[in-house]
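What follows is a single structure, written as structure tokens, with notes after it.
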Amino acid sequence: EDQVTQSPEALRLQEGESSSLNCSYTVSGLRGLFWYRQDPGKGPEFLFTLYSAGEEKEKERLKATLTKKESFLHITAPKPEDSATYLCAVQATGNTDKLIFGTGTRLQVFP
Amino acid sequence: DTAVSQTPKYLVTQMGNDKSIKCEQNLGHDTMYWYKQDSKKFLKIMFSYNNKELIINETVPNRFSPKSPDKAHLNLHINSLELGDSAVYFCASSQFDRRGYGYTFGSGTRLTVV
Numbered sequence: 039e040d041q042v043t044q045s046p047e048a049l050r051l052q053e054g055e056s057s058s059l060n061c062s063y064t065v066s067g068l069r070g071l072f073w074y075r076q077d078p079g080k081g082p083e084f085l086f087t088l089y090s091a092g093e094e095k096e097k098e099r100l101k102a103t104l105t106k107k108e109s110f111l112h113i114t115a116p117k118p119e120d121s122a123t124y125l126c127a128v129q130a131t132g133n134t135d136k137l138i139f140g141t142g143t144r145l146q147v148f149p
Numbered sequence: 714d715t716a717v718s719q720t721p722k723y724l725v726t727q728m729g730n731d732k733s734i735k736c737e738q739n740l741g742h743d744t745m746y747w748y749k750q751d752s753k754k755f756l757k758i759m760f761s762y763n764n765k766e767l768i769i770n771e772t773v774p775n776r777f778s779p780k781s782p783d784k785a786h787l788n789l790h791i792n793s794l795e796l797g798d799s800a801v802y803f804c805a806s807s808q809f810d811r812r813g814y815g816y817t818f819g820s821g822t823r824l825t826v827v
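Residue numbers (the numbering used here), protein chains in the order written: chain E, 39 to 149; chain Z, 714 to 827.
And the structure:
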């Protein structure tokens, strides 16, 4: 069964303290791995799509990487405005268009 | 603004009632979805429509009936509401372009059944 597991469940960082969020996945075949940011009371906001092992993408203080079993979202020198829940999702091959989500990592960055 | 918009944002209703949630996208996407987010923030797909045709029905009780009058709209009707239906319901749309699949989510409808 296709599955996504995210860790840690919650992460508290001091402003400027870099860290990484983990997303482990099990799929029959990976079509794409997605990272989303979700703020309270809002819908998930798209960050990155990764398609193959070794691929990396960056956006401001965020960098996403992908291996054959997991993805990392690296946050460099975070700011309080980076506080949110970060969701990882996979799309499996032959699985139409549905996304299978993990339960997210709730990130809090303190000044 | 280009977006996925859903209404209402909040819905409080009694058990046994029937209610509808509406969704519209002006992105020109071919595929639309309904996802359910439970109290633990876990997002799970319910339905997917491609150009008005049902593609995915993820073992959802038949009290839930999606309707797509055209490819820009996907509504969700729920009959005989139960306490366990309380959740946040998200509409989304997607389109494959040269960058890959782009999914856009609406801002959610928080349904509370009392």
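Ideal Cβ placement from N, Cα and C applies to all residues, glycine included.
It should be emphasised that the depicted structure is a prediction, and the values quoted were computed from it without experimental measurement.
Asked, Found
"Chain-ordered neighbours of residue 806 (chain Z) on chain E, where CB pairs are closer than 8 angstroms", "The premise fails here: residue 806 (chain Z) is roughly 10 angstroms from chain E at the closest Cβ pair, so nothing lies under 8 angstroms."
"Residue-chain proximity (residue 762 (chain Z), chain E), Cβ-Cβ < 8 angstroms", "no"
"Proximal residues to residue 60 (chain E) (C-beta, below 7 angstroms), its chain only, five neighbours per side dropped", "44, 45, 108, 110"
"Chain Z contacts made by the region 77 to 88 of chain E, where a contact means CB separation under 8 angstroms", "79, 80, 81, 82, 83, 84, 87"
"First through last residue of the beta strand (DSSP E) which encompasses residue 69 (chain E)", "68 to 76"
"C-beta neighbour in chain E for residue 821 (chain Z), strict 8 angstroms", "yes"
"The ligand NAD heavy atom lying under 7 angstroms from the CB of residue 47 (chain E)", "Because no ligand of any kind appears in the structure shown, any question about the ligand NAD cannot be addressed here."
"Cutoff 8 angstroms: residue 741 (chain Z) Cβ touching any chain E Cβ", "no"
"Contact set between the region 98 to 112 of chain E and chain Z, restricted to residues whose Cβ is under 8 angstroms from the partner", "none"
"Exposed unless 16 or more other CB atoms sit within 10 angstroms - verdict on residue 72 (chain E)", "buried"
"Nearest candidate by alpha-carbon position, reference residue 98 (chain E), set E:90, E:104, E:85", "E:85"
"Cβ-based neighbour list, residue 148 (chain E), same chain, cut-off 8 angstroms, excluding 5 preceding and 5 following", "50, 51, 52, 53, 118"
"Beta-carbon proximity of residue 124 (chain E) to residue 69 (chain E), cut-off 8 angstroms", "no"
"Status (buried if at least 16 other CB within 10 Å, exposed otherwise) for residue 41 (chain E)", "exposed"
"DSSP state of residue 797 (chain Z) mapped onto helix, strand, coil", "helix"
"Proximity below 8 angstroms, CB of residue 779 (chain Z) to CB of residue 802 (chain Z)", "no"
"8 angstroms Cβ cut-off: residues of chain E touching residue 706 (chain Z)", "Since the displayed chain Z opens at 714 and closes at 827, residue 706 (chain Z) lies outside it and no answer follows."
"Spatially closest choice to residue 777 (chain Z) from Z:785, Z:753, Z:748, Z:766, by CA coordinates", "Z:748"
"Given residue 79 (chain E) as reference, the closest of E:48, E:104, E:122 once Cα atoms are compared", "E:122"
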